[in-house]
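Report on the structure given below.
Protein chains: 2
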Amino acid sequence: MARKRQKLSIIPLGGVGEIGKNMTVYRYGDDIIVVDAGLKFPEEEMLGIDIVIPDISYLVEHKEKIRGIFVTHGHEDHIGGLPYVLKQLNAPVYGTGLTLGLIENKLKEHGLLETTKMYKLTADSVVEAGAFRVSFFYLNHSIPDTGGFAIETPEGLVVHTGDFKFDHTPVDGRPADVHKLAAYGSQGVLALVADSTNAEREGFTPSERVVGGKIDEIVSKAPGRVILATFASNIHRMQQVVTAAERHDRKVAVVGRSMVNNIQIAIQLGCLEAQPSTLIDADDVNKYPPEKVVILSTGSQGEPMSALTRMARAAHRKIEIVPGDTVVLASSPIPGNEKYVARTIDQLFRAGAHVIYRGVHVSGHGSQEELKLMLNLTRPKYFVPVHGEYRMQKTHSELAMQVGVPEEDIFILDLGDVLEFDSGHAQIAGRVTAGSVMIDGLGVGDVGNIVLRDRKLLSQDGILVVVVTLSKETGRVLSGPDIISRGFVYVRESEALLDDATKLVENTLTRLVADNVNEWSSLKTAVREALGRFLFEQTRRRPMILPIIMEA
Amino acid sequence: MARKRQKLSIIPLGGVGEIGKNMTVYRYGDDIIVVDAGLKFPEEEMLGIDIVIPDISYLVEHKEKIRGIFVTHGHEDHIGGLPYVLKQLNAPVYGTGLTLGLIENKLKEHGLLETTKMYKLTADSVVEAGAFRVSFFYLNHSIPDTGGFAIETPEGLVVHTGDFKFDHTPVDGRPADVHKLAAYGSQGVLALVADSTNAEREGFTPSERVVGGKIDEIVSKAPGRVILATFASNIHRMQQVVTAAERHDRKVAVVGRSMVNNIQIAIQLGCLEAQPSTLIDADDVNKYPPEKVVILSTGSQGEPMSALTRMARAAHRKIEIVPGDTVVLASSPIPGNEKYVARTIDQLFRAGAHVIYRGVHVSGHGSQEELKLMLNLTRPKYFVPVHGEYRMQKTHSELAMQVGVPEEDIFILDLGDVLEFDSGHAQIAGRVTAGSVMIDGLGVGDVGNIVLRDRKLLSQDGILVVVVTLSKETGRVLSGPDIISRGFVYVRESEALLDDATKLVENTLTRLVADNVNEWSSLKTAVREALGRFLFEQTRRRPMILPIIMEA
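Sequence lines, in order, name chains V and P. Here numbering that gives the first Met the number 0 is used: the first residue of the first sequence is 0, the next is one more, and so on. Here numbering that gives the first Met the number 0 is used: the first residue of the second sequence is 0, the next is one more, and so on.
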């Protein structure tokens, strides 16, 4: 029985027009596969929000069609949304060893480990998933065991890269699988869906091994302890630190919960090699001479509660920065974190450390020449730049044009856009529900724009609660008005202002009651307006005003 | 009558360990002069705060001793605190023409223009100010009419640079006064107090003229309008835009209030030259063909309410971005603004503009080679790096050591440190009150840590107000409890939660009343704790809880 001919759709639910929460849907008829399920961190105006995940209404609506979730690598912006997705729909998860190791940890926390089927991918994996036949290929990135997917569909072959760079001298000895990519290109690629993060950077991103050389030099020359902070998922870099320490006869202590967790997983899975005697407990650091110690730490982004930041301000339980220490920030600040990083560096300087905060980092994303290499290897008919803000997608498009992809065959998609392929012809054929779901504590999506607007107001000028009791019979003021303020002014220094405000409310109410106005809503509005005007005149501030009228 | 021999003190009240609110006090016996009176923009955690100025308690305490406020240049971080200072103490203000022009505008807004004496400085100005004899010398910076002060004191000569770079091909044809600096060096400099902003940058900062060349090329090649955003105070850059426009037969429209103001002042004072027919009104832009128009705009930092940002999101009254426009961000993001700038660039891309956002900017601050040049020209006995965060001051110190200043003659001061010079010997001799005063609306210093802590709490999880009326006689609940929430959850979707919370409060109060607990403070504490625990269990959030108990 021949399958009825259907169309292929590619639908980004995350990761376009933004950095983070990567998620792409592939649909052919009644079969859906999903690539990645990431989170992103909240924008500044999302006050109190912990994380943001994609709106997956479309997937929930079609959950019986989902044949699998394919994960490119273990970074939060590719796996962080999984627990929330798996609570709403059950689908098998495919990923490499390390990726699954990191996912397992998450699912355990959310009580989802038993109900989720996970399948490990290797170099030769081919997965039949409904109408799709998905092969895995290795790429380089700032976390081991990273790759992309070659997705065979009835419409043709789609290559989906995930995050990548081409590292010709990778730390784990496994370069990107250029042979497979070249073979896809020869075979014919319908569409390339590729990472745009570094589309704005010229040239080639240096090999991670360059960082290793610098780390080795620092460790060999440091007169005392070396404290090196980097991303907790950058196992390759951690490996290079361990290797340098072993070469120079130093012990390695690991601090910071996520780094301790990840290093355990990486060792178990064979992604990180260390002699059994190299790793020591953070409690034992002081048992060794300073020149025999390297400390691997979280906090390279200046996160206020991270190990390095706590060490820097002398608030870490186990380790304190002292003169003679060499502190290395093997990272560069993620946009938005610059001020936190600068603050941490300053505190480290003040603590007397020698601080190295530039030049011990390379990006995990390919620069322009690598993006062009990917385009030339795969020679796609259609090109879909993803994983980037709009200008990155746009710049990536220009690179594609440079290597010969016609402008009309490039699609810069927005969230929810349905890119449809029908008999080899592509067009944007509609849009499905897509966007952001904000997570605050246990609440998924229960904080909306009204709540955020209130938090914004409250954060700027605070709140005044005005409480008054009116007589049931006469409508007259029985007690109050009492004004309670939070986040507005320091009460002790503003007594006169609050006294005047109280009198104003009293007069306003008395006048209204005399005029026989007695609907509470009118009274509240009058109080809010009169008090708001008065306070703005007096202070040029606009606190939230919450009138509470009681009856007795 | 010989003056009694006194000590010289240098006291930074702002601009050390931080970027911004520059202010340095020089005292000799009963004579004080102040160099600069700047503001800084609030840190992220200073919610709702508009600006931050130095704590000038020390100056107020000694206000009868103040002989003058000497201002190096017209940037906000050097003049922005003046209105607040002049409200608390009256002192003559010394500055160059443009600097005073910008100050005048400020004082007018604050009603201080009549009561403030202002004296204009030129290349040959020497001011006798009590024990001090202050000469002015020109330097280069990103605003014209910038300089520093040579302060003769009975203890010796102090050179105070303000912000500077050495531009050998300056736009206004006036290079930094290296001859005077060399002469001071020959004469003997007791101490150099110098700008550390770019101490971390290697090499030489390029000349502003380099930017002019790029602007000219962009203007000559652009197929349509050129919209160029830069700092509203960078008159030199604005001059280069005007020059390029005139060379290529284009008109110039200026948008953004601060830029319109500054360009008027600059033209009046002869700091900016434009043919009368070049400048056109923003309303008339559409009367000219696009290839005949340049628009100078504010908003190069992606400020949400600025002209460029409003144009980018199609919310500007007069000008809309259309395909064919070339938009130039002649700036680099100030730390903390990266995300805003990126967002604006993205919106410009989406609007179809060709956006040039890199490479059309040079810093106004000297890099390492220039800082060393300043040190070598002035050959100070003591060195005081200012205007920078701690790591910049520290790195500047290392440069000074490289050119031969002994480590023990370098003083990295904290706010309020008193650096005392006595018979040619320097030491830190104490500390005066110093710090930050936060300005929120009309309130100067009335927002303290308690208010900020409350704003932070409110911004994260909002507030719940719990209102209940108890009977005067029995102590029993007469009405309520009513729970009103703002910024916590969206009420309509959380009715069950709030119902349960209400019942919990009711039960808590009933139980306490039955146990004869009736002090309001105990009741409030019990409500706050029970409700806080319940809400945290249910939501993992910690809203502020404000119990209000009334009696009837």
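Where is the CB? At the ideal position from N, CA and C, for every residue including glycine. All figures in this text were calculated on a predicted structure; none of them were measured in a lab.
Would you decide whether G403 (chain P) is buried or exposed? Buried here means 16 or more other CB atoms lie within 10 Å of its CB. What you label residue 403 (chain P) is simply residue 404 of the second sequence in a count that begins at 1. Exposed is the call here.
Consider the Cβ of P384 (chain V): report whether some Cβ of chain P lies at a distance smaller than 8 Å. Stepping through the first sequence from its first residue, residue 384 (chain V) is reached at position 385. No, P384 (chain V) does not count as interfacial toward chain P.
Taking the Cβ atom as the reference point for each residue, do Y339 (chain V) and G301 (chain V) lie within a distance shorter than 8 Å? Residue mapping note: residue 339 (chain V) aligns to position 340 of the first sequence, counting from 1. Residue mapping note: residue 301 (chain V) aligns to position 302 of the first sequence, counting from 1. Yes, the pair counts as a contact, with Cβ atoms nearer than the cut-off.
Quick check: is the beta carbon of K338 (chain V) nearer than 8 Å to any beta carbon in chain P? Taking the first sequence and counting its residues from 1, one reaches residue 338 (chain V) at position 339. Chain P contact via Cβ: present.
Proximal residues of chain P, C-beta to C-beta of A341 (chain V) below 7 Å: Taking the first residue of the first sequence as 1, we reach residue 341 (chain V) at position 342. Result: P334 and E388.
Among the candidates V:R390, V:L347, V:P322 and V:G335, whose CA atom is the shortest distance from the CA of A350 (chain P)? Translated into positions along the second sequence, residue 350 (chain P) becomes position 351. Of the listed residues, the one whose Cα sits closest to A350 (chain P) is V:R390.
Is L12 (chain P) near Y83 (chain P), with beta carbons less than 8 Å apart? Position 13 of the second sequence, counted from the start, is the residue given in the question as residue 12 (chain P). Position 84 of the second sequence, counted from the start, is the residue given in the question as residue 83 (chain P). No, they are not a contact pair.
Assigned secondary structure, L7 (chain V) (DSSP; H/G/I helix, E/B strand, else coil): Residue numbering aside, residue 7 (chain V) sits at position 8 when the first sequence is read from its first letter. In the structure shown, L7 (chain V) sits in a strand (DSSP, three-state: E or B).
Output yes if chain P places a C-beta closer than 8 Å to the C-beta of F487 (chain V); else output no. For the purposes of this step, residue 487 (chain V) is taken as residue 488 along the first sequence, with counting starting at 1. F487 (chain V) counts as touching chain P.
Helix, strand or coil at V15 (chain V) according to DSSP, with G and I counted as helix: For the purposes of this step, residue 15 (chain V) is taken as the residue at position 16 of the first sequence. Three-state result, V15 (chain V): strand.
Find the nearest neighbour of G440 (chain V) within the set P:R539, P:V464 and P:I78, judged by alpha-carbon distance. Taking the first sequence and counting its residues from 1, one reaches residue 440 (chain V) at position 441. Here the closest residue by C-alpha is P:R539.
CB of T343 (chain V) within 8 Å of CB of G298 (chain V), strictly: Against the first sequence, residue 343 (chain V) aligns to sequence position 344. Against the first sequence, residue 298 (chain V) aligns to sequence position 299. Yes, these two residues count as a Cβ contact at 8 Å.
Cα-Cα separation, H178 (chain P) to E207 (chain P): Stepping through the second sequence from its first residue, residue 178 (chain P) is reached at position 179. Stepping through the second sequence from its first residue, residue 207 (chain P) is reached at position 208. Between H178 (chain P) and E207 (chain P), the C-alpha separation is close to 21 Å.
Cβ shell of F203 (chain P) (< 7 Å), same chain only, five flanking positions each side left out: Here residue 203 (chain P) is taken as the residue at index 204 of the second sequence, counted from 1. Answer for F203 (chain P): S366, E368 and E369, listed in chain order.
Can you check DSSP and say which residues form a bridge with H159 (chain V)? For the purposes of this step, residue 159 (chain V) is taken as residue 160 along the first sequence, with counting starting at 1. Beta-bridge pairing links H159 (chain V) to V:F148 and V:V192.
Whole-angstrom Cβ separation of P542 (chain V) and L534 (chain V), contact assumed at under 8 Å? Working through the first sequence from its first residue, we reach residue 542 (chain V) at position 543. Working through the first sequence from its first residue, we reach residue 534 (chain V) at position 535. So it is a contact: roughly 7 Å between Cβ atoms.
What is the DSSP secondary structure of F420 (chain V), reduced to helix, strand or coil? Residue mapping note: residue 420 (chain V) aligns to position 421 of the first sequence, counting from 1. Correct three-state label for F420 (chain V): strand.
Residue range of the beta strand (DSSP E) that includes S484 (chain V): Counting from one through the first sequence, the residue named residue 484 (chain V) turns up at place 485. Note, S484 (chain V): beta strand (DSSP E), V476 to R485.
Along chain P, in chain order, which residues have C-beta atoms closer than 7 Å to that of Q459 (chain V)? Counted from its first residue, the first sequence places residue 459 (chain V) at position 460. Within chain P, the residues near Q459 (chain V) are L46 and G47.
Checking contacts by CB at 8 Å: is T538 (chain V) closer than that to chain P? As a first step, residue 538 (chain V) must be located in the first sequence, where it is residue number 539. Yes, T538 (chain V) lies at the interface with chain P (some Cβ there is under 8 Å from its Cβ).
What does a CB cutoff of less than 6 Å around T160 (chain V) pick up in its chain, not counting 5 residues either side in sequence? If you number the first sequence from 1, residue 160 (chain V) lands on position 161. Around T160 (chain V): G147, A193 and D194.
If we cut at 8 Å on Cβ distances, does M558 (chain V) have a partner in chain P? Coverage of chain V is limited to positions 0 through 551, which leaves residue 558 (chain V) absent and any answer about it impossible.
Do A198 (chain V) and V383 (chain V) have their beta-carbon atoms positioned less than 8 Å apart in this structure? Position 384 of the first sequence, counted from the first residue, corresponds to residue 383 (chain V). Position 199 of the first sequence, counted from the first residue, corresponds to residue 198 (chain V). Cβ distance not < 8 Å, so V383 (chain V) and A198 (chain V) don't count as in contact.
Are there 16 or more other CB atoms within 10 angstroms of the CB of K250 (chain P), so buried, or fewer, so exposed? If you number the second sequence from 1, residue 250 (chain P) lands on position 251. K250 (chain P) comes out buried.
Please name the residue in P:E472, P:V24, P:T95 and P:T23 whose C-alpha comes closest to that of A639 (chain P). With chain P represented from 0 up to 551, any question about residue 639 (chain P) goes unanswered, as that position is not in the structure.
Do we get a CB-CB distance below 8 Å when we pair R532 (chain P) with the residues of chain V? Along the second sequence, one-based indexing puts residue 532 (chain P) at 533. Not one chain V Cβ lies under 8 Å of R532 (chain P).
Assigned secondary structure, P82 (chain V) (DSSP; H/G/I helix, E/B strand, else coil): What you label residue 82 (chain V) is simply residue 83 of the first sequence in a count that begins at 1. In the structure shown, P82 (chain V) sits in a helix (DSSP, three-state: H, G or I).
Note down the Cα distance separating F40 (chain P) from D49 (chain P), rounded to an integer number of angstroms. As a first step, residue 40 (chain P) must be located in the second sequence, where it is residue number 41. As a first step, residue 49 (chain P) must be located in the second sequence, where it is residue number 50. Cα-Cα distance, rounded: 7 Å.
Once DSSP output is grouped into helix, strand and coil, what is the label at A425 (chain V)? Locating residue 425 (chain V) in the first sequence gives position 426, where the first residue counts as 1. Looking at A425 (chain V) - three-state DSSP - the assignment turns out to be strand.
Around the C-beta of Q401 (chain P), are 16 or more other C-beta atoms found within 10 angstroms, so that it is buried, or is it exposed? Residue numbering aside, residue 401 (chain P) sits at position 402 when the second sequence is read from its first letter. When all chains shown are included, Q401 (chain P) counts as exposed.
Segments of 4+ residues assigned as alpha helix (DSSP H) that fall wholly inside the segment 178-241 of chain V: 207-220
When you compare only the Cα positions, how much space is there between F136 (chain V) and A149 (chain V)? Position 137 of the first sequence holds residue 136 (chain V). Position 150 of the first sequence holds residue 149 (chain V). Answer to the nearest angstrom: the Cα atoms are 7 Å apart.
Reference G129 (chain V); option with closest CA among V:G100, V:S422 and V:I68: On the first sequence, residue 129 (chain V) is found 130 positions in, with the first residue counted as 1. Comparing Cα-Cα distances from G129 (chain V) to each of V:G100, V:S422 and V:I68, the minimum goes to V:I68.
So with CB distances below 7 Å, who are the chain V contacts of D345 (chain P)? Against the second sequence, residue 345 (chain P) aligns to sequence position 346. Here the neighbours are E388, Y389 and R390.
Residues in the segment 75-102 of chain V with C-beta within 7 Å of chain P's C-beta atoms, listed in sequence order? none
Cβ atoms of I55 (chain P) and I462 (chain V): under 8 Å apart, would you say? Within the first sequence, the letter at position 463 stands for residue 462 (chain V). Within the second sequence, the letter at position 56 stands for residue 55 (chain P). Against a cut-off of 8 Å, the Cβ pair of I55 (chain P) and I462 (chain V) comes out as no contact.
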